[in-house]
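What follows is a short report on a single structure.
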Amino acid sequence: MTNVEKYTECFVKAFALRDDEDVRPLEYQSIAQWDSAGHMVLMALIEDCFEIMLETDDIIDFSSFEKGREIIKKYEVDL
Amino acid sequence: MLLKGKTAIITGTRRGIGRAVVETFAANGADIYAHARSDSPEFTEEMRSAADKYGVEIWPVFFDMTDGASMKAFVKGLMSDKREIDVLVNNAGVTHNALFNMTTEVTLREQFEVNFFSVFLLIQYISKFMVKQKSGSIINIASTAGEDGNPGKSAYGASKAAVIAMTKSIAAELGELGVRANCIAPGVTETDMLATLPSVVLEETKNSLDLRRVGLPSEIADTALFLASDLSSYITGQTIRVDGGLK
Chain A
1 MTNVEKYTEC FVKAFALRDD EDVRPLEYQS IAQWDSAGHM VLMALIEDCF EIMLETDDII
61 DFSSFEKGRE IIKKYEVDL
Chain B
1 MLLKGKTAII TGTRRGIGRA VVETFAANGA DIYAHARSDS PEFTEEMRSA ADKYGVEIWP
61 VFFDMTDGAS MKAFVKGLMS DKREIDVLVN NAGVTHNALF NMTTEVTLRE QFEVNFFSVF
121 LLIQYISKFM VKQKSGSIIN IASTAGEDGN PGKSAYGASK AAVIAMTKSI AAELGELGVR
181 ANCIAPGVTE TDMLATLPSV VLEETKNSLD LRRVGLPSEI ADTALFLASD LSSYITGQTI
241 RVDGGLK
């Protein structure tokens, strides 16, 4: 599984989406599941998946699928 | 065996309440990350001996609670272990006795650094494990001084009041994710911290207690066991006083 697939799977798992759902347009609070609680679950899954510890500022800035990719790259993950 | 198959992190386990919590949790089947500020062969040997006695795993871990980088390194190690963390007991703390007008800003900041900020950070890190697995119990050792306002305890009491308030908020935020958060507020307990109380004050305090004696660390540990176990599955956001009837 590529890192992009792993990253995508974190969204699918965190928000209980269908496997074939397009997660790329997702933004914070754009769907009911991505609320503050869902955000915590997503961050926990991403940290576990890539074995990284996100800085609090990055957790706050993590506002969309695309923005998240930029942030995760800072942690030397090839996305 | 209320904690069989569960893993707990307990801070400040070299002696006193923290040590009693290790003993009680181990006796109930928990595997434990036992934190102390600095390494010592005696501590490591005592933990090994307790692990053998109860047939559990106890991993001694060492870092200064105020050293964010070391705390982070510990958490990073946990991630590599790929182990679920079921219980976090934030016990490490420091106390200070001085009248309000004789408490320096430096002291006030030190109290908050250890008793509050480090606890806040460790919960931020460890709660992610619990959120992921949709279960967990966070137990913060506060103090009756955080609720009552005792003379000489303005700095210490304020830091513990902050812990109590934070715990309520965390309980409200993480409840829907299956994570509980509670405080224990020990009263006068037989620990090293007790030695910092003037003897006159100690005697007066004992006489004012319904039970007319100080509490034992094991009695605080028993309450922590209750909060860590499924016996307290519908309890969150609470502060349980273990104070012998302190008025």
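Residue numbers (our numbering), protein chains in the order written: chain A, 1 to 79; chain B, 1 to 247. The C-beta atom is built at its ideal place from N, Cα and C for all residues, glycine as well.
Given residue i as reference, the closest of the options once Cα atoms are compared
| i | options | result |
| --- | --- | --- |
| B/Thr189 | B/Cys183, B/Arg180, B/Leu202 | B/Leu202 |
| B/Ala69 | B/Tyr125, B/Gly245, B/Gly12, B/Pro198 | B/Tyr125 |
| B/Gly146 | B/Pro41, B/Asn28, B/Arg241, B/Val56 | B/Arg241 |
| B/Val182 | B/Tyr54, B/Phe112, B/Ile141 | Note on identity: in this sequence residue 182 of chain B is Asn, with Val being the wrong assignment. The shortest C-alpha separation from B/Asn182 is found at B/Ile141. |
| A/Phe15 | A/Leu79, A/Tyr7, A/Ile71, A/Ile31 | A/Ile31 |
| B/Gly245 | B/Glu57, B/Ile170, B/Gly187 | B/Gly187 |
| A/Leu17 | A/Glu76, A/Thr2, A/Gly38 | A/Gly38 |
| B/Lys267 | A/Cys49, A/Asp35, A/Glu21 | Within the shown structure, residues of chain B are numbered from 1 to 247, placing residue 267 of chain B beyond reach of any answer. |
| B/Ala20 | B/Thr223, B/Asp230, B/Ser232, B/Ser233 | B/Thr223 |
| B/Met249 | A/Ile52, A/Ile60, A/Asp78 | Residue 249 of chain B is absent from the model: chain B starts at 1 and stops at 247. |
| B/Leu56 | B/Leu174, B/Glu23, B/Glu204 | The residue asked about is misnamed: residue 56 of chain B is Val in this sequence, not Leu. For B/Val56, the nearest C-alpha among the options comes from B/Glu23. |
| B/Gly93 | B/Lys153, B/Arg48, B/Met193, B/Asp81 | B/Met193 |
| B/Gly178 | B/Asp230, B/Phe112, B/Ala50 | B/Asp230 |
| B/Thr196 | B/Phe226, B/Glu176, B/Thr95 | B/Thr95 |
| B/Lys132 | A/Met40, A/Ile60, A/Glu21 | A/Met40 |
| B/Lys168 | B/Ile123, B/Glu105, B/Phe226 | B/Ile123 |
| B/Asp39 | B/Arg14, B/Asn101, B/Ala155 | B/Arg14 |
| B/Arg208 | B/Pro217, B/Pro198, B/Glu173, B/Lys247 | Note on residue identity: the sequence assigns Ser, not Arg, to residue 208 of chain B. For B/Ser208, the nearest C-alpha among the options comes from B/Lys247. |
| B/Phe120 | B/Thr239, B/Met71, B/Ala51 | B/Met71 |
| B/Gln111 | B/Met65, B/Phe43, B/Thr239 | B/Met65 |
| B/Lys128 | A/Ile59, A/Lys73, A/Leu79, A/Val77 | A/Ile59 |
| B/Leu174 | A/Ser36, A/Lys6, A/Asp57 | A/Ser36 |
| B/Thr239 | B/His35, B/Glu42, B/Ser143, B/Met130 | B/Ser143 |
| B/Phe74 | B/Thr11, B/Met130, B/Thr103, B/Pro41 | B/Thr11 |
Cβ-based neighbour list, residue i, same chain, cut-off 8 Å, excluding 5 preceding and 5 following
| i | result |
| --- | --- |
| B/Ala228 | Leu2, Leu3, Lys6, Ala8, Phe25, Ala30, Asp86, Val87, Val89, Ser137, Ile139 |
| A/Leu54 | Met43, Ile46, Glu47, Phe62, Ile71, Tyr75 |
| B/Ser215 | In the sequence as presented, Ser is not what sits at residue 215 of chain B; that position holds Gly. Correct list, in chain order: Pro186, Gly187, Val188, Thr189, Glu190, Val242, Asp243, Gly244. |
| B/Arg213 | Lys206, Gly244 |
| A/Lys73 | Leu79 |
| B/Thr107 | His96, Ala98, Ala155 |
| A/Val102 | The question about residue 102 of chain A has no answer, for chain A in this structure spans 1 to 79. |
| B/Asp81 | none |
| A/Met1 | Glu9 |
| B/Ile200 | It is Val, not Ile, that sits at residue 200 of chain B in the sequence shown. Cβ within range, chain order: n/a, list empty. |
| A/Glu5 | none |
Chain-order list of residues whose beta-carbon lies under 7 Å from that of residue i (same chain, five-residue window excluded)
| i | result |
| --- | --- |
| B/Asp67 | none |
| B/Gly149 | Gly157 |
| B/Arg83 | Thr7 |
| A/Gln33 | Phe15, Ala16 |
| B/Ile46 | A small fix is needed here, since residue 46 of chain B is Glu in this sequence, not Ile. Same-chain partners within the cutoff: there are none. |
| A/Asp19 | Val12 |
| B/Gly152 | Asn97, Ala98, Leu99 |
| B/Ile220 | Ile17, Ala20, Ile184, Pro186, Thr189, Val242 |
| B/Ala27 | Tyr54 |
| B/Asp266 | Outside the modelled stretch of chain B, which goes from 1 to 247, sits residue 266 of chain B, for which no answer is possible. |
| B/Phe43 | Arg14, Ala36, Pro60 |
Cβ-based neighbour list, residue i, same chain, cut-off 6 Å, excluding 5 preceding and 5 following
| i | result |
| --- | --- |
| B/Ala171 | Ala181, Thr236, Gly237 |
| B/Tyr33 | Ile9, Trp59, Val61 |
| A/Phe11 | Val23 |
| B/Phe226 | Ser232 |
| B/Ser135 | Gly178 |
| B/Phe63 | Ser70, Met71, Phe74 |
| B/Ser218 | Ala20 |
Min CB distance residue i to chain E below 9 Å
| i | result |
| --- | --- |
| A/Thr8 | The chain labelled as chain E is not found among the protein chains of the depicted structure, namely A and B. |
>> If the cut-off is 9 Å on Cβ atoms, which residues from the region 170–182 of chain B count as contacting chain A, listed in chain order?
In response: Within the region 170–182 of chain B, the residues whose Cβ lies closer than 9 Å to some Cβ of chain A are Glu173, Leu174, Glu176, Leu177, listed in chain order.
> In chain order, what residues of the region 22–53 of chain A put their CB closer than 9 Å to some CB of chain B?
Replying inline: Across the region 22–53 of chain A, CB contacts with chain B closer than 9 Å involve Ser36, Ala37, Met40, Val41, Met43, Ala44, Leu45, Glu47, Asp48, Glu51, Ile52, Met53, in sequence order along the chain.
>> Against chain A, which members of the region 80–100 of chain B pass a CB distance test of less than 8 Å?
In response: Going along the region 80–100 of chain B in chain order, one finds Ser80 with a Cβ nearer than 8 Å to chain A.
> Taking a cut of 9 Å between CB atoms, which residues from the region 50–83 of chain B lie near chain A?
Replying inline: Lys72, Val75, Lys76, Met79, Ser80, Lys82
> Which runs of the beta strand (DSSP E) spanning at least 3 residues fall entirely within the region 166–217 of chain B, listed in chain order?
Replying inline: If only uninterrupted beta strand (DSSP E) runs of at least 3 residues are considered, those enclosed by the region 166–217 of chain B are 179–186.
> Can at least three beta-carbon pairs, one atom from the region 64–72 of chain A and one from the region 18–26 of chain A, be found at a separation below 8 Å?
Replying inline: yes
> What are the start and end residues of each continuous beta strand (DSSP E) run of 3 or more residues lying completely inside the region 18–70 of chain B, in chain order?
Replying inline: 31–36, 58–62
> Can you find at least 3 beta carbon pairs, one from the region 153–169 of chain B and one from the region 116–133 of chain B, that sit closer than 8 Å?
Replying inline: yes
>> At 4 residues or longer, what runs of the alpha helix (DSSP H) sit wholly inside the region 59–144 of chain B?
In response: 68–81, 105–112, 118–133
> Got a sec: which bits of the region 130–152 of chain B sit with their beta carbon under 8 Å from any beta carbon on chain A, in order along the chain?
Replying inline: Val131, Lys132
> Which residues, in chain order, does the region 102–129 of chain B contribute to contact with chain A at a C-beta distance below 9 Å?
Replying inline: Gln124, Tyr125, Ser127, Lys128, Phe129
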